[in-house]
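Number of protein chains: 2
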Amino acid sequence: MSMPTIIQVAAMAGVSTATVSRVLSHPDRVAEPTRLRVLEVVESLGYKPNVAARTLRTLRAAKILVTVPDISNPFFASVIRGAEEAARDAGYAVVVGDTRHDPSIEDQYAAMLSSREVDGLIFLGHRLPDNLRPLMSKQGAHAPVVNGCEYSPDIGVPSVHIDNAAAGCDALEHLIALGHRDIGVITGPHVSPISRDRLAGAMQAAERHGLADRLRIHVGDYSAQSAADHVPDLIAQGVTGLFCFSDEMAMGAISAIRQAGRICPDDISVVGFDDLPLARFFQPGLTTIAQPKGHIGQQAVELLVDILRGDDSPVSQITLPHELVIRSSTKRLG
Amino acid sequence: MSMPTIIQVAAMAGVSTATVSRVLSHPDRVAEPTRLRVLEVVESLGYKPNVAARTLRTLRAAKILVTVPDISNPFFASVIRGAEEAARDAGYAVVVGDTRHDPSIEDQYAAMLSSREVDGLIFLGHRLPDNLRPLMSKQGAHAPVVNGCEYSPDIGVPSVHIDNAAAGCDALEHLIALGHRDIGVITGPHVSPISRDRLAGAMQAAERHGLADRLRIHVGDYSAQSAADHVPDLIAQGVTGLFCFSDEMAMGAISAIRQAGRICPDDISVVGFDDLPLARFFQPGLTTIAQPKGHIGQQAVELLVDILRGDDSPVSQITLPHELVIRSSTKRLG
DNA sequence: AAAGCCGATGTAAAGGATTACATTACTCGA
DNA sequence: TCGAGTAATGTAATCCTTTACATCGGCTTT
Chain A
1 MSMPTIIQVA AMAGVSTATV SRVLSHPDRV AEPTRLRVLE VVESLGYKPN
51 VAARTLRTLR AAKILVTVPD ISNPFFASVI RGAEEAARDA GYAVVVGDTR
101 HDPSIEDQYA AMLSSREVDG LIFLGHRLPD NLRPLMSKQG AHAPVVNGCE
151 YSPDIGVPSV HIDNAAAGCD ALEHLIALGH RDIGVITGPH VSPISRDRLA
201 GAMQAAERHG LADRLRIHVG DYSAQSAADH VPDLIAQGVT GLFCFSDEMA
251 MGAISAIRQA GRICPDDISV VGFDDLPLAR FFQPGLTTIA QPKGHIGQQA
301 VELLVDILRG DDSPVSQITL PHELVIRSST KRLG
Chain B
335 MSMPTIIQVA AMAGVSTATV SRVLSHPDRV AEPTRLRVLE VVESLGYKPN
385 VAARTLRTLR AAKILVTVPD ISNPFFASVI RGAEEAARDA GYAVVVGDTR
435 HDPSIEDQYA AMLSSREVDG LIFLGHRLPD NLRPLMSKQG AHAPVVNGCE
485 YSPDIGVPSV HIDNAAAGCD ALEHLIALGH RDIGVITGPH VSPISRDRLA
535 GAMQAAERHG LADRLRIHVG DYSAQSAADH VPDLIAQGVT GLFCFSDEMA
585 MGAISAIRQA GRICPDDISV VGFDDLPLAR FFQPGLTTIA QPKGHIGQQA
635 VELLVDILRG DDSPVSQITL PHELVIRSST KRLG
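Chains as they are written, first to last, in the working numbering: chain A, 1 to 334; chain B, 335 to 668.
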């Protein structure tokens with residue numbers, strides 16, 4: 001029932017607990033025969049150091065918390081994978097938290113930092129949890145907190161992201177280059193800075209071609225359903241091109257377009273965002289903005305680890321490249 | 335820099351550490367004025383109990399580990415959500431681990447149990463991590479380990495799952511009822527018991543209709559790409575109905591069917607499995623077997639919590655109902 | 001052969017919270 | 001008024017590891 005402790009191991013091996021500890025964490029400081037004897041006992045008892053005791057003593061949990069607003073979105077899964085790999089290399093484990101866009105759950109997870117359950121936090125949402133405010137104002141850029149994907153200049157947290165304005169611009173330029181003039185946009189919620197940035201980029205591109213006032217802007221919430229709901233309006237507005245701020249919304253929109261008796265891309269071209277793994281298997285293959293998902297996670301961890309190591313980190317904003325991937329959901333007009 | 339401890343709080347409030355501790359965990363055992371005074375100090379210092387110390391003392395981490403073979407699969411996201419809700423109700427937090435189907439990563443996560451970082455483990459794969467063997471043979475059904483989705487009778491772990499054989503049977507009966515006689519199946523890897531069960535069910539249905547030897551069986555790995563790779567062969571074999579053991583594979587297959595110049599469901603009907611959130615937005619809407627994803631997670635947690643509470647748990651296998659959801663990827667033959 | 005060094009190991013003090021048990025100061029009943 | 005009972009709080013042991021410092025032979029050096 002009760003698991004063996006270092007004391008029992010020490011007793012059985014006829015050494016002190018210090019030696020057992022050394023065998024496990026600094027093997028080279030123990031004489032060969034002693035080490036082998038201890039290891040044998042460790043093995044036979046199935047001894048595993050109690051992590052709580054170790055953390056308490058070393059003041060290091062060797063864990064990084066990554067919170068995502070929606071774990072069911074495969075986009076975040078790729079970011080998490082990148083983070084996990086980088087974390088492993090740096091000697092950290094990753095704990096994943098799904099906040100479901102709920103501020104109170106975000107706060108709950110952020111509390112793991114205050115209670116020292118984790119050494120650092122990477123949050124992929126746009127909102128700095130309330131209970132981190134004191135920490136940020138006290139420690140500033142030395143606080144072990146990094147923001148990924150999103151970027152809110154006002155919260156003063158180092159972050160890793162793409163140039164969302166440029167990406168929004170690229171998407172619109174693509175539709176315009178295909179001859180589309182009546183273009184719809186389904187954004188994310190207004191509170192999301194990345195949504196604002198993408199929209200700003202899109203509007204800038206539209207303006208450049210004198211199409212600013214023909215842009216039909218609808219507010220979604222990144223979910224397929226939310227996009228589908230806007231499609232009847234968009235069709236009534238006569239759009240021939242549509243830019244959705246997530247692939248899920250693009251899929252929802254395409255589904256609704258068909259439901260309305262139209263066809264994508266023949267009647268309406270659709271551009272998505274994220275390049276989910278399924279984007280290329282969707283019907284039609286999704287034209288979309290690819291984000292370097294794995295890299296975002298990886299860089300976020302590296303930034304965080306630098307902070308944890310106490311390097312004064314001059315780098316606090318990292319912008320990674322995006323890419324327009326053209327498949328078959330967009331087509332020349334006419 | 336260094337965070338406040340209970341000792342500092344006690345000193346500032348002019349009480350003992352015991353009182354501070356009681357204020358935080360048994361408020362009713364402390365006199366009102368004292369409690370308020372302590373709370374004030376706690377607030378002003380931003381004190382948060384050190385979780386490592388608490389865990390060490392109470393021998394309870396208040397955490398449950400849920401490992402999934404592939405975090406980018408939205409199916410598991412739903413299971414995790416269900417688990418999180420049930421865990422929260424029972425006073426536990428959920429830690430999510432992505433094993434990527436890698437046994438060594440599975441072992442790594444399982445080690446969190448041995449080192450008492452978590453109180454219990456729910457694993458959604460099919461393989462009992464090696465380093466849990468001793469635990470299982472020592473504690474048997476009292477070990478805080480539960481298996482979800484999959485079910486391997488031989489490993490002796492309580493589990494929560496659907497009746498995969500019956501589900502496989504349902505899927506095939508549906509295709510047969512639509513007039514299909516040349517039916518293909520894309521399974522999961524053979525090591526996966528759920529794949530074996532689904533296949534057994536499918537074959538049973540085929541046999542019942544004298545179609546056993548016309549079944550074309552291909553082995554996939556649940557990924558869209560793996561299914562797409564088999565489609566040319568299936569077409570060459572002249573199948574008109576296809577049963578894929580995951581929605582991702584169904585989507586991959588449908589995409590490849592189109593690539594090959596055929597149309598689903600006109601030329602080939604496809605049945606998926608899982609009913610992912612995107613299944614209804616796919617083109618065509620996916621006919622699929624819906625699993626009660628949230629319930630699986632929830633029941634798994636409840637089972638685990640029972641074990642942790644020390645109730646002798648007579649229940650060790652829970653079978654939940656599945657459902658055939660008919661959309662537009664299947665159609666009457668001819 | 002004395003002094004100094006070194007490698008191997010032991011001793012014991014943290015680390016921060018919880019809680020059984022002890023103490024204190026009242027209140028109440030007889 | 002005394003003893004019992006009770007509510008509020010304090011004391012100190014405990015959870016298990018890690019690690020600075022102490023100790024102890026034995027070896028080298030002069």
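Note that the Cβ used here is the ideal one computed from N, Cα and C, for glycine as well.
Going along chain A, which residues have a C-beta under 7 Å from residue 382 (chain B)? Within 7 Å of the CB of residue 382 (chain B), the CB atoms of chain A belong to 111, 114 and 115, in sequence order along the chain.
With 16 as the cutoff for other CB atoms within 10 Å, does residue 331 (chain A) come out buried or exposed? Buried: at least 16 other Cβ atoms inside 10 Å.
Going by beta-carbon coordinates alone, are residue 641 (chain B) and residue 482 (chain B) separated by less than 8 Å? For the 8 Å CB-CB criterion, residue 641 (chain B) and residue 482 (chain B) do not form a contact.
Just to confirm the assignment, what range does the alpha helix (DSSP H) spanning residue 627 (chain B) have? Where residue 627 (chain B) is concerned, the enclosing alpha helix (DSSP H) stretches over 627-643.
With which residues is residue 93 (chain A) paired in a DSSP beta bridge? Residue 93 (chain A) is bridged to A:63.
Just the Cα atoms here: how many angstroms apart are residue 428 (chain B) and residue 141 (chain A)? Rounded to whole angstroms, residue 428 (chain B) to residue 141 (chain A) spans 29 Å at the Cα level.
Flag this pair as yes or no: are the beta carbons of residue 271 (chain A) and residue 174 (chain A) separated by less than 8 Å? Using a Cβ distance threshold of 8 Å, residue 271 (chain A) and residue 174 (chain A) count as a contacting pair.
Residues from the segment 511-543 of chain B in contact with chain A, defined by Cβ distance under 7 Å: Listed in sequence order: no entries.
In the structure shown, what three-state DSSP assignment does residue 289 (chain B) receive? Only positions 335 to 668 of chain B appear in this structure, which leaves residue 289 (chain B) out of reach.
Hey, how far is the Cα of residue 152 (chain A) from the Cα of residue 205 (chain A)? Cα atoms of residue 152 (chain A) and residue 205 (chain A): separation of roughly 23 Å, rounded to the nearest angstrom.
Opening and closing residue of the beta strand (DSSP E) in which residue 147 (chain A) lies: In the DSSP assignment, residue 147 (chain A) falls within the unbroken beta strand (DSSP E) covering 145-148.
Once you ignore the five residues that flank residue 158 (chain A) on each side, which residues in its own chain have a CB closer than 6 Å to its CB? Only 146, 303 and 316 meet the Cβ criterion.
If the cut is a Cβ gap below 9 Å, which residues of chain B does residue 297 (chain A) touch? In chain order: nothing, as chain B lies at least about 12 Å away.
DSSP puts residue 121 (chain A) in a beta bridge; with which residues? Per DSSP, A:65 and A:145.
So, with DSSP's three-state summary, where would you put residue 664 (chain B)? Coil at residue 664 (chain B), not helix or strand.
Quick one: is residue 217 (chain A) buried, meaning 16 or more other Cβ sit within 10 Å of its Cβ, or exposed? Its Cβ having fewer than 16 others within 10 Å, residue 217 (chain A) is exposed.
Can you tell which of B:457, B:633, B:531 and B:523 has the C-alpha that lies nearest to the C-alpha of residue 583 (chain B)? Nearest C-alpha to residue 583 (chain B) among B:457, B:633, B:531 and B:523: B:523.
Please say whether residue 36 (chain A) and residue 9 (chain A) have beta carbons closer to each other than 8 Å? No. Outside cutoff.
Under three-state DSSP, which class holds residue 71 (chain A)? Assigned with DSSP and collapsed to three states, residue 71 (chain A) falls in coil, not helix or strand.
Which residue comes first and which comes last in the alpha helix (DSSP H) that contains residue 469 (chain B)? Element bounds for residue 469 (chain B): 467-473.
Beta strand (DSSP E) containing residue 290 (chain A): first to last residue? Start and end: 287-290.
Nearest-angstrom Cα distance between residue 377 (chain B) and residue 18 (chain A)? Residue 377 (chain B) and residue 18 (chain A): Cα-Cα distance of roughly 39 Å.
8 Å CB neighbourhood of residue 357 (chain B) in its chain, flanking five on each side removed: Result list for residue 357 (chain B): 364, 368, 369, 372, 373 and 376, in chain order.
So is residue 40 (chain A) in contact with chain B if we call contact Cβ pairs under 8 Å? No, because no Cβ of chain B sits closer than 8 Å to the Cβ of residue 40 (chain A).
The segment 410-419 of chain B touching the segment 53-61 of chain A, judged by at least three CB pairs closer than 8 Å: The segment 410-419 of chain B and the segment 53-61 of chain A do not touch, with fewer than 3 CB-CB distances between them shorter than 8 Å.
From the DSSP secondary-structure annotation, give me the bridge partner or partners of residue 671 (chain B). Outside the shown range of chain B, which is 335 to 668, sits residue 671 (chain B), and nothing can be said about it.
Starting from residue 375 (chain B), trace the beta strand (DSSP E) in both directions and tell me its first and last residue. Element bounds for residue 375 (chain B): not the beta strand (DSSP E) but the alpha helix (DSSP H), 366-379.
Can you tell me whether residue 652 (chain B) is buried or exposed, with buried defined as 16 or more other CB within 10 angstroms of its CB? Counting the other CB atoms within 10 Å of its CB gives residue 652 (chain B) a total of 16 or more, which places it among the buried residues.
Given a threshold of 16 other Cβ atoms within 10 Å of its Cβ, counted over all protein chains shown, does residue 518 (chain B) qualify as buried or as exposed? Buried, because 16 or more other Cβ atoms sit within 10 Å of the Cβ of residue 518 (chain B).
Can you determine whether any heavy atom of the ligand HEM sits closer than 7 Å to the C-beta of residue 410 (chain B), and answer yes or no? You won't find the ligand HEM in this model; it holds no ligand whatsoever.
When you compare only the Cα positions, how much space is there between residue 459 (chain B) and residue 282 (chain A)? C-alpha separation (whole angstroms): 27 Å.
So, for residue 526 (chain B): in the same chain, excluding its five sequence neighbours on each side, which residues have a beta-carbon less than 8 Å away from its beta-carbon? Excluding residues within five positions, the ones whose Cβ falls inside 8 Å are 460 and 484.
Using the Cβ count rule (16 or more neighbours within 10 Å means buried), how would you classify residue 599 (chain B)? With 16 or more Cβ atoms within 10 Å of its Cβ, residue 599 (chain B) is classed as buried.
Does DSSP classify residue 191 (chain A) as helix, strand or coil? Residue 191 (chain A) falls in the coil class under three-state DSSP.
Among A:167, A:222 and A:224, nearest to residue 200 (chain A) - alpha-carbon criterion: It is A:167.
Taking the alpha carbon of residue 578 (chain B) as the point to measure from, which residue in B:570, B:594, B:593 and B:603 has its own alpha carbon closest? Closest option to residue 578 (chain B), Cα to Cα, is B:603.
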